[in-house]
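Letter 99 of the sequence shown, counting from 1, is numbered 99 in the numbering used here, and no numbers are missing.
Ideal Cβ positions, reconstructed from N, Cα and C, are used throughout, including at glycine.
Structure first, commentary second.
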Amino acid sequence: MHELPNLAVVGHTNAGKTSLLRTLTRDSRFGEVSARPATTRHVAAVELMADGRPMLRLFDTPGLEDAIGLADAIDTLTGQDKLDGPEQIERFLASPEASTRFEQEAKVLRQLRASEAALYVIDARDPVLAKYREELAILARCARPLLPVLNFVGQPGHRGPEWREMLARVGLHAVVAFDTVAPALDGERRLYAALATLIEEQRDRLEQLIEARAEEARARIDAARHLIAEMLIDVAALRHTLSDESAADRSLAALRDAVRDREQQAARDLIGLYGFRREDAPEAGMPSLAGRWDDDLFSPEALREAGLRLGTGVATGAAAGMGIDLVTGGLTLGAAAALGALAGGLWQTVSHYGERLGGKLRGYRELTVDDPILRLLALRAQRLLEALERRGHAAMTRVALPPLDESAWREGDLPPVLAQARIHPQWSSLSARYDADEERAAAIEELARSVHAVPAPPALE
Ligand SMILES: Nc1nc2c(ncn2[C@@H]2O[C@H](COP(=O)(O)OP(=O)(O)OP(=O)(O)O)[C@@H](O)[C@H]2O)c(=O)[nH]1
Ligand SMILES: [Mg+2]
1 MHELPNLAVV GHTNAGKTSL LRTLTRDSRF GEVSARPATT RHVAAVELMA DGRPMLRLFD
61 TPGLEDAIGL ADAIDTLTGQ DKLDGPEQIE RFLASPEAST RFEQEAKVLR QLRASEAALY
121 VIDARDPVLA KYREELAILA RCARPLLPVL NFVGQPGHRG PEWREMLARV GLHAVVAFDT
181 VAPALDGERR LYAALATLIE EQRDRLEQLI EARAEEARAR IDAARHLIAE MLIDVAALRH
241 TLSDESAADR SLAALRDAVR DREQQAARDL IGLYGFRRED APEAGMPSLA GRWDDDLFSP
301 EALREAGLRL GTGVATGAAA GMGIDLVTGG LTLGAAAALG ALAGGLWQTV SHYGERLGGK
361 LRGYRELTVD DPILRLLALR AQRLLEALER RGHAAMTRVA LPPLDESAWR EGDLPPVLAQ
421 ARIHPQWSSL SARYDADEER AAAIEELARS VHAVPAPPAL E
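Here it is, written out as structure tokens:
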């Protein structure tokens, strides 16, 4: 195996070089990113790992600012001498200008000379100006393969096609589009594949990197599905016993809080799993299906927006989303099927229900979480997962949610394991009776398969 390839990330100031490194390393803390020019002042290295081994060393560099001035300086230093590109660059790097007026530019050129190839990051919203042509001409004198990376292609009105045309005119035909904030699902793979065509001797290593990254992505999605499935099992299995009138409302509030917290915990776990920061997520609440973060899981609006309805008039009542099961001698009656509105207060309804069923029902009354709430939990978590899948680590704003897709979770039968969870209260980690047995693990495993993720990216042609 050849030595670890060094890859410089170069380009005009503010083109998104540091952002690209954040996304490729999945590290939102790498370097400093800001809208002001000349943010990165020093070369900084980071290694890309595959299966615990470094595969590629990337170097962030300061932005190029005054390409035209730099070209003049190099031409003056060259004078009438017959020097090829690298000789011109070496002469410049040895000159006093390289440590004074063009100190930042010198860092870039020095790093490029010390690298095997470079990613040339372009803000594709910019028009193709003379200063950019000059920049490319100088970089070309370093005699290293350049892979242009079109950034900001997620923005409307970008000039990707103009840039491609200009790049082709200077002999750069391999170009990748890679928006660092919202990269295409297979963007990274395309980038490394294009790179492999430029540095043929590193092809094996780059292919290993592609494979390892794909495997990591699969494992991550799988872990995410399990996180969501476990939350749903925890909530479906949850039941609170109502002992008497004085405790009823408190019990209801406690149960709802437990469910809300569980949803938040799952959101935090998902955000952590994807390597995003806590502050990328809302402090209060999971995203609603309308893209707001502050809505409550149990509000009838949240259900309505999701196109969900509670089976009875319960949605308008104070206890929306909570079912009451009357359990006796192994018989469980779903409240939603038999119960009217809870408008009169929880305890009255429970008592009334008990009376109607007469002496046949003795035993205790339990609160459980209704199916529509399980559906809503599943929908919200899956939307968050999709947003995280599509988010680059250069993103500076909070997670933005994709539009709501039709989903099996909104209509149709719920996966049967959820009904099973309902009769296994010990499966809920939120319960004092919690007992994580093998059956629970198997239920999570099965449910995880029903959790949807984003569609697989198309095959690389
Ligand atoms: N919307 C959007 N913003 C981006 C993208 N890439 C970078 N930015 C923003 O553009 C600005 C510059 O990004 P940086 O990564 O700091 O750019 P840089 O090339 O490292 O800049 P210097 O270090 O100053 O040369 C920041 O405000 C980023 O948040 C992108 O793909 N989409
Ligand atoms: Mg930078």
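Leaving aside the five residues before and after residue i along the sequence, list all residues of the same chain whose C-beta is less than 6 Å from its C-beta, in chain order.
i                 : result
phenylalanine 152 : Asp123, Ala124, Arg125 and His158
arginine 26       : Gly275 and His393
phenylalanine 102 : Leu70
leucine 119       : Val9, Leu147 and Val149
threonine 39      : Glu32
For residue i and residue j, what's the separation of their Cα atoms in angstroms?
i             : j                 : result
alanine 94    : valine 121        : 26 Å
threonine 100 : phenylalanine 92  : 12 Å
arginine 422  : aspartate 51      : 40 Å
arginine 277  : glutamate 47      : 21 Å
aspartate 66  : arginine 218      : 44 Å
glycine 187   : phenylalanine 178 : 6 Å
glutamate 135 : glutamate 105     : 10 Å
glutamate 165 : arginine 41       : 31 Å
leucine 414   : glutamate 386     : 20 Å
leucine 139   : alanine 223       : 43 Å
arginine 383  : arginine 220      : 16 Å
proline 86    : alanine 143       : 6 Å
glycine 334   : aspartate 261     : Because glycine 334 sits at a pLDDT of 41, beneath the cut-off of 50, its placement in the model cannot be relied upon, and the point is left open.
leucine 20    : alanine 253       : 46 Å
proline 161   : proline 372       : 47 Å
valine 235    : glutamate 438     : 18 Å
aspartate 435 : serine 428        : 8 Å
alanine 462   : proline 37        : Not covered by the structure: residue 462. The range shown for the chain is 1 to 461.
Compute the beta-carbon to beta-carbon distance between residue i and residue j, rounded to the nearest angstrom, for a pair I have assumed lies under 8 Å.
i              : j             : result
alanine 267    : alanine 281   : 6 Å
glutamate 97   : alanine 73    : 5 Å
arginine 410   : leucine 379   : 6 Å
valine 170     : lysine 107    : Rounded, the Cβ-Cβ distance is 24 Å, inconsistent with contact.
leucine 58     : proline 145   : Not really, about 15 Å apart at Cβ, beyond 8 Å.
leucine 109    : isoleucine 89 : 6 Å
valine 175     : arginine 190  : Not really, about 10 Å apart at Cβ, beyond 8 Å.
isoleucine 233 : arginine 391  : Their Cβ separation, rounded to whole angstroms, is 27 Å, which puts isoleucine 233 and arginine 391 out of contact at 8 Å.
glutamate 389  : leucine 185   : 7 Å
Helix, strand or coil: how does DSSP classify residue i here?
i                : result
tyrosine 132     : helix
valine 176       : strand
isoleucine 233   : helix
arginine 213     : helix
glutamate 105    : helix
alanine 419      : helix
glutamate 439    : helix
phenylalanine 92 : helix
isoleucine 122   : strand
histidine 226    : helix
threonine 197    : helix
proline 473      : Since the first residue shown for the chain is 1 and the last is 461, residue 473 is missing from the structure and cannot be characterised.
threonine 11     : Note on identity: in this sequence residue 11 is glycine, with threonine being the wrong assignment. DSSP places glycine 11 in strand when its eight states are reduced to three.
aspartate 257    : helix
methionine 166   : helix
alanine 378      : helix
threonine 397    : coil
asparagine 6     : strand
proline 54       : strand
threonine 368    : strand
leucine 139      : helix
Using alpha carbons as the reference points, say which of the options lies closest to residue i.
i            : options                           : result
valine 417   : Ala254, Glu446 and Ser431         : Glu446
alanine 194  : Ala184, Arg213 and His173         : His173
leucine 24   : Ala45, Val170 and Gly79           : Ala45
glutamate 32 : Trp163, Glu47 and Asn14           : Asn14
threonine 61 : Asp186, Lys17 and Glu90           : Lys17
alanine 182  : Val108, Ala400, Gly11 and Gln420  : Ala400
arginine 239 : Ser251, Gly160 and Ala118         : Ser251
valine 369   : Val176, His12, Gly160 and Pro425  : Pro425
arginine 398 : Ile271, Glu201 and Arg205         : Ile271
aspartate 53 : Arg213, Leu388, Glu438 and Leu112 : A small correction: the amino acid at residue 53 is arginine; aspartate does not occupy that position in the sequence shown. Of the listed residues, the one whose Cα sits closest to arginine 53 is Arg213.
Tell me whether residue i, by its Cβ, gets closer than 7 Å to a heavy atom of ligand 3.
i            : result
asparagine 6 : Of the ligands one can find in the structure shown, namely ligand 1 and ligand 2, none is ligand 3.
Please list, in chain order, all residues of the same chain as residue i whose beta carbon is under 7 Å from its beta carbon, the five residues on each side excluded.
i              : result
histidine 226  : Ile444 and Ala448
arginine 203   : Ala196
leucine 209    : Leu48, Ala50, Met55, Leu56 and Tyr192
tryptophan 163 : Ile122, Ala124, Val128 and Leu150
alanine 229    : Ile444, Leu447, Ala448 and Val451
serine 115     : Asn6, Leu7, Ala8, Phe59 and Arg144
glutamate 215  : none
With a CB to CB cut of under 8 Å and the five nearest residues on each side skipped, what residues in its chain are close to residue i?
i              : result
leucine 255    : Leu238, His240, Met322, Leu367 and Val369
methionine 231 : Arg262, Glu263, Gln265, Ala266, Leu377 and Ala381
Are the C-beta atoms of residue i and some chain B residue less than 8 Å apart?
i             : result
glutamate 215 : No chain B is present in this structure, which holds just one protein chain.
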